[in-house]
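A.B. asks: Have a look at the structure that comes next, please.
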Amino acid sequence: MSAVAAEQSSSRLQAALAIALPLVLAFAGTAVLLGLAGHNPVEVYRLLIVESFGGTRRIAATLSAATPLMLTGLATAIAFRAGAFNVGVEGCVYVGGLAAAYIGFTFVGLPAAILLPLALATGLVVGSLWMLVPGVLKARLDVDEVVTTLMLNFIAISLTAYLVNGPLLAPGSANSATPMVDAAARLPRLMPPSTLNAGFLIAVALLLLYWLWGKRTALGFETRLAGLNPRFATASGIDVPGLIIKMMLLSGAIGGLAGAVHALGNVGRFVSGFSPGYGFAGIAVALLGRGSAIGIFLAAILFGALAASGATIQLFSDVPIEIVNVLQGMVMIFAVARFGWIMSKKRGAA
Amino acid sequence: MIENVLHSAIVMTTPVLLAAIGGLVNRIGGIVNIGLDSMMLGGALIAIILASQTGSWGVALVGAAGVGALLGLLMSLCVTRLKADEIIVGLGFNILVAGLVRFFLKTAYGSSGTLRLPDVARLPRIEIPVIADIPYLGAILSGHDPLTWAAWILVPVTVWFLRRTRLGLRLRAAGAAPQASRALGLSPLRLRDASTVFAGLLAGLAGAYLSIGVVGIFNEGITAGRGFIALAAFYFGRNRPWPTALCALLFGFFDALQIRLQGRGIPAELIQTLPYAMVIVVLTFMAIATRRARALKA
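Each protein sequence line maps, in turn, to chains W and B.
Take the first sequence: its letter number 222 is residue 222 in my numbering, and every next letter is one higher.
For my numbering, count along the second sequence from 1 and bump the result up by 1000.
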């Protein structure tokens, strides 16, 4: 093997290692926890795999659970790529979900061909507008977007909770939920009785577009440049602030769409506690997928599988479903940790 | 009614103030601690378990402080040694600890979300004679527990520590100019770790205050995002202890008011958004002021 080829294969190995390592560590850490709690980790993991991929119905459930995560992961990755650290996708899921549900139960009687796109578009626009303020503040005044988007999450959760407890509460309902959306506003199911719906196709199509956009278009290239080195990008004549606003709006739009898809595809209405942390899981998905379309797709499927199978193994064995959150948190932490210093130390010793 | 609101405003301020002081010191040391909420949650759980088993609130506080400090250390090592992004690690800790707590509750107690234990030793209340009988002042000063007093005493102590002590100066250097401080032979990473451990310790105590100070039971949502409110407080106070404390007091007042106003036509959910909205407004004004100052110089 020539020296160049050897170097190439070793760098490819390192890249693979960089993606696999957080996963391996997270699963190992969780295995320790399971062992401490008196469960057999190998058995639990085997059950998780069987429950998420063994059979068409289970695969459908996994893909259904992965759908919102593909969208929130994509929303996060788009902002990250432009150098904007958007942690506010969770808020967009809430406002987008409520907006889409509102259209779905208000304009009853419209044909599906109009009502469904209208509801989806409303979720998208509202999610996008939710990111307008932090986007403009970041781009024009250099206000830390991490803090503003984090704060907006709490505002979105409280604001939507107010709306479903008050003005938008379903008549006669005691729990905080809106009325069910019209059948015409529901995303069509792909494989009934599973909840897998057309939202999955939307998510995959968007991921494809994202891949093409990053590879083939000038805007995609400029965005990456602005994210990697804003000063160089500015010097090359790219309008970095404008780009950041655009990408924050786009990120919010996809986050809002994630909420709309969850409302119209899975829940059928908006309820308080609407998102089980899809926006935060999206950060883990984007990080684990290293911001690439295929990476986001696979990472979303992984987390979707965990969520779908976590619910069923809780029924069959006494392993609490929270094991999924534990894994998710660990993946997030290990995905940003750089273990390079361990390798460099070893290399120095050799 | 006013006396009640004043008293409970002070009560609701304590956890936010404790965590905010910790977060402030942490931020001056160079780390924005998004994980405060997780350290509060861990502290709250350990405190109630120890308070029930040992019957001593002192042991419970030590345990809560220890768990918070341990979580702080782990988080800090991820940031300083493994070069992980502090925001992501902080969010990761919040998800991880929330999952661990619920996992533990189900596994050890078979309960989902809420933990009621017998014989929980509650924090004692300090009644101050004479002052307790003075209207308003009595409600503000008397009938509080040791943690509340400790939290308020910490405010001037932190001012003194940051301004007057060698360690405080070194911590500020570690946060503001890590390279310069390394050149002087200091170890900025170790100082940073110490500041995160301190933040975790105070956040753990803040959690203990919620579980054995205020209610006497534990719930998975017991922090109600107060770790983030604390974050808001020291952002709002621009890293200065007294303004941060005033901010925590303001949020405590909102909290008390919101409980009072429930069922009176003013939606509690909307009041809950106020602290968060205020942070965005303040950050915006600060940015505009900085821009103006820069424009004047040029």
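Where a beta carbon is used, it is the ideal one built from N, C-alpha and C, also for glycine.
Hey, out of W:Leu150, W:Val267 and W:Ala284, whose CA is closest to W:Met180's CA?
C.D. replies: Out of W:Leu150, W:Val267 and W:Ala284, the CA that lies nearest to the CA of W:Met180 is found in W:Val267.
A.B. asks: Which residues of the segment 303-337 of chain W have a Cβ closer than 7 Å to any Cβ of chain B? Give them in chain order.
C.D. replies: Pro320, Glu322, Ile323, Asn325, Val326, Gln328, Gly329, Met330, Met332, Ile333, Val336 and Ala337
A.B. asks: Contact check, W:Val131 vs W:Ala300 under 8 Å by CB: the rounded distance?
C.D. replies: The question names Val, but residue 131 of chain W is Met in the sequence shown. About 21 Å separates the two Cβ atoms, so there is no contact after all.
A.B. asks: Counting only C-beta atoms, is W:Phe274 closer than 8 Å to chain B at any point?
C.D. replies: no
A.B. asks: Could you work out which residues of chain W lie near B:Gln1258, taking near to mean beta carbons separated by less than 7 Å?
C.D. replies: Identification of chain W residues near B:Gln1258 by a Cβ-Cβ cut-off of 7 Å yields none; the smallest Cβ-Cβ distance measures about 11 Å.
A.B. asks: Mind listing, in chain order, the continuous alpha helix (DSSP H) runs of no fewer than 4 residues lying wholly within the segment 1112-1162 of chain B?
C.D. replies: 1137-1141
A.B. asks: If contact is defined by three or more beta carbon pairs under 8 Å, each pair taking one atom from either stretch, is the segment 262-278 of chain W in contact with the segment 96-104 of chain W?
C.D. replies: When C-beta atoms of the segment 96-104 of chain W are compared with those of the segment 262-278 of chain W, three or more pairs fall below 8 Å, so the two segments count as touching.
A.B. asks: Listing by chain order, which chain B residues have their CB less than 8 Å from the CB of W:Ala37?
C.D. replies: The answer, in chain order, is Phe1103 and Thr1107.
A.B. asks: Report the rounded CA-to-CA distance for B:Ile1271 versus B:Phe1228, giving the unit in angstroms.
C.D. replies: A direct Cα-Cα distance of roughly 16 Å separates B:Ile1271 from B:Phe1228.
A.B. asks: Can you check whether the C-beta of B:Ala1173 is within less than 8 Å of a C-beta belonging to chain W?
C.D. replies: Among the residues facing chain W, B:Ala1173 is not included, as its CB has no counterpart in that chain under 8 Å away.
A.B. asks: Is there a Cβ of chain B sitting closer than 8 Å to that of W:Ala18, yes or no?
C.D. replies: no
A.B. asks: Kindly give me the distance between the Cβ atoms of W:Val326 and B:Phe1103, rounded to whole angstroms, as I take these residues to be in contact under 8 Å.
C.D. replies: 6 Å
A.B. asks: Return the first residue and the last residue of the alpha helix (DSSP H) that B:Thr1014 is part of.
C.D. replies: Ile1002 to Ile1028
A.B. asks: Between the segment 1026-1036 of chain B and the segment 1083-1091 of chain B, do at least 3 Cβ pairs fall closer than 8 Å?
C.D. replies: yes
A.B. asks: Among the residues of its own chain, which have a CB less than 7 Å from the CB of W:Gly199, if the five just before and after it don't count?
C.D. replies: Thr67, Leu187, Val261 and Gly265
A.B. asks: Would you identify the three-state DSSP class for W:Val164, choosing helix, strand or coil?
C.D. replies: Of the three classes helix, strand and coil, the one that applies to W:Val164 here is helix, per DSSP.
A.B. asks: What first and last residue would you give for the alpha helix (DSSP H) that runs through W:Phe80?
C.D. replies: Thr56 to Arg81
A.B. asks: Under the rule that 16 or more other beta-carbon atoms within 10 Å means buried, what is B:Glu1003, buried or exposed?
C.D. replies: exposed
A.B. asks: For B:Val1279, return the contacting residues in chain W, with the cut-off set at a CB-CB distance below 7 Å.
C.D. replies: Per Cβ cutoff of 7 Å: Val147 and Met151.
A.B. asks: Hey, is the segment 110-122 of chain W in contact with the segment 80-91 of chain W, meaning 3+ C-beta pairs nearer than 8 Å?
C.D. replies: no
A.B. asks: Using 8 Å as the limit for Cβ to Cβ distance, is W:Lys345 near chain B?
C.D. replies: Residue confidence for W:Lys345 is low, a pLDDT of 43 falling below 50, so the modelled location carries little weight and cannot support an answer.
A.B. asks: Who pairs with B:Phe1218 in a beta bridge, going by DSSP?
C.D. replies: B:Leu1115
A.B. asks: Once DSSP output is grouped into helix, strand and coil, what is the label at W:Arg189?
C.D. replies: strand
A.B. asks: Give me, in chain order, the residues of the same chain whose beta-carbon lies closer than 6 Å to that of W:Leu17; leave out the 5 immediate sequence neighbours on both sides.
C.D. replies: none
A.B. asks: Applying the criterion that 16 or more other CB atoms from any shown protein chain within 10 Å of the CB defines a buried residue, is W:Pro192 buried or exposed?
C.D. replies: exposed
A.B. asks: Taking only beta-carbon atoms, is B:Ile1087 less than 8 Å away from chain W?
C.D. replies: yes
A.B. asks: Under a Cβ-count criterion, where at least 16 other Cβ atoms within 10 Å of its own Cβ denotes burial, should W:Ser344 be classed as buried or exposed?
C.D. replies: Because W:Ser344 sits at a pLDDT of 47, beneath the cut-off of 50, its placement in the model cannot be relied upon, and the point is left open.
A.B. asks: Run through the DSSP bridge pairs and tell me what W:Ala263 is partnered with.
C.D. replies: Partner(s): none; W:Ala263 has no beta bridge.
A.B. asks: Put B:Asn1033 into one of helix, strand or coil per three-state DSSP.
C.D. replies: coil
A.B. asks: Say whether chain B places a C-beta atom closer than 8 Å to the C-beta of W:Ala349.
C.D. replies: Low local confidence applies: a pLDDT of 37 at W:Ala349 is under 50, so the model's placement there is unreliable, and no value is given.
A.B. asks: Which of helix, strand or coil does DSSP assign to B:Ala1224?
C.D. replies: coil
A.B. asks: Using 10 angstroms around the beta-carbon of B:Asp1145, count the other beta-carbons present and answer buried if the total reaches 16, otherwise exposed.
C.D. replies: Answer is buried; the Cβ neighbour count reaches 16.
A.B. asks: With respect to the alpha helix (DSSP H) encompassing B:Gly1092, which residues constitute its N-terminal and C-terminal limits?
C.D. replies: Glu1086 to Phe1104
A.B. asks: On the premise that B:Thr1158 lies in contact with B:Ile1021, defined as a C-beta separation below 8 Å, what is that separation, rounded to the nearest angstrom?
C.D. replies: 6 Å
A.B. asks: Quick check on this structure: which residue in B:Val1279, B:Leu1091 and B:Leu1070 has the alpha carbon closest to the alpha carbon of W:Ala284?
C.D. replies: B:Leu1091
A.B. asks: Taking DSSP as the reference, what is the three-state secondary structure of W:Asn325?
C.D. replies: helix
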